[in-house]
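In the working numbering, the protein residues as written are 652 to 902. The beta carbon of each residue, even a glycine, is placed where N, CA and C say it ideally should be.
See below:
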């Protein structure tokens with residue numbers, strides 16, 4: 652007999668140590684004498700009751716190998732943004748092994764993305780590969796859209812009123828959201844426009860959205876620039892005008 656018991660079909664499980672127990676029983680109406688002993692194939696049998704018993708533990712069996720992978724149920728999420736990783740929630744993968752066994756919900760695979768060297772989904776990808784040992788299968792029908800970037804910390808420079816001037820200077824600005832290792836840049840705007848030249852506090856500034864540049868710019872879009880405001884102070888009264896409207900006596 653074997654300990655642990657063999658699997659269905661009298662098969663050995665992978666990566667398992669087995670102990671064989673051999674029992675020698677005398678034929679009916681016979682018994683072993685007091686001086687009896689048994690040796691066989693290097694095994695020493697010990698008397699146990701009216702029988703002789705020997706045990707041998709064998710080294711662990713080899714690990715079983717994957718011979719096939721199959722996605723039997725696709726993941727729940729199929730729509731992604733550039734830079735996302737595959738969400739395996741809802742996905743079911745079946746593995747078949749060289750001993751004929753199967754695992755209906757196998758998770759020992761690794762995810763290989765469509766673009767070599769990338770550990771995430773890239774805009775335009777439609778598949779990812781699942782790999783276990785030398786076997787592969789694909790997750791298909793994915794969609795990956797561009798990632799939206801944003802310019803933050805862009806500030807308008809407050810100034811005094813200037814007749815007819817609707818232009819304001821801008822300073823600062825940071826491009827936020829580029830995935831580490833990708834090449835995307837932008838030239839920060841240095842000017843914006845207000846609706847009119849009148850003095851007022853916190854006037855909305857319209858900023859023209861710049862163009863994304865760099866080798867990976869095609870994987871991104873840029874959010875409209877908003878929430879930039881400027882305060883335009885009333886201009887001081889010119890000295891000659893002030894003198895003309897000052898009442899007699901300097902009051």
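Under 9 Å between C-beta atoms of residue i and residue j
i	j	result
residue 773	residue 711	no
residue 709	residue 687	no
residue 792	residue 725	yes
residue 839	residue 823	yes
residue 691	residue 705	yes
residue 903	residue 821	Residue 903 is absent from the model: the chain starts at 652 and stops at 902.
residue 720	residue 783	yes
residue 740	residue 727	yes
residue 853	residue 880	yes
residue 743	residue 763	no
residue 794	residue 872	no
residue 732	residue 797	yes
residue 716	residue 748	yes
residue 722	residue 679	no
residue 807	residue 856	yes
residue 815	residue 771	no
residue 781	residue 761	yes
residue 950	residue 812	Not covered by the structure: residue 950. The range shown for the chain is 652 to 902.
residue 683	residue 698	yes
According to DSSP, residues forming a beta bridge with residue i
i	result
residue 843	819
residue 764	779
residue 598	Absent from the model: residue 598. The displayed extent of the chain is 652 to 902, so no value can be given.
residue 791	DSSP output for residue 791 lists no bridge partner at all.
residue 657	In DSSP, residue 657 forms no bridge with anything.
residue 802	826
residue 807	821
residue 747	719 and 753
residue 758	DSSP lists no partner for residue 758.
residue 731	795
residue 836	864
Closest by C-alpha distance to residue i, when choosing among the options
i	options	result
residue 826	867, 803, 844 and 895	803
residue 836	870, 694 and 746	870
residue 833	873, 654, 659 and 864	864
residue 701	685, 693 and 707	685
residue 659	750, 694 and 678	750
residue 810	767, 845 and 673	845
residue 805	681, 683 and 841	841
residue 753	681, 707, 769 and 664	664
residue 769	758, 817, 759 and 830	830
residue 654	707, 895 and 681	707
Cβ-Cβ separation, residue j to residue i (assumed contact under 8 Å), whole Å
i	j	result
residue 860	residue 875	6 Å
residue 888	residue 850	Residue 888 to residue 850, Cβ: 13 Å. No contact.
residue 786	residue 718	7 Å
residue 756	residue 714	That pair is no contact at about 19 Å.
residue 694	residue 673	7 Å
Length at least 3, wholly inside the region 659-729: the beta strand (DSSP E) runs in chain order
670-675, 697-699, 702-708 and 717-724
Give, in chain order, every unbroken run of the beta strand (DSSP E) that is at least 3 residues long and sits entirely within the region 852-883.
871-873
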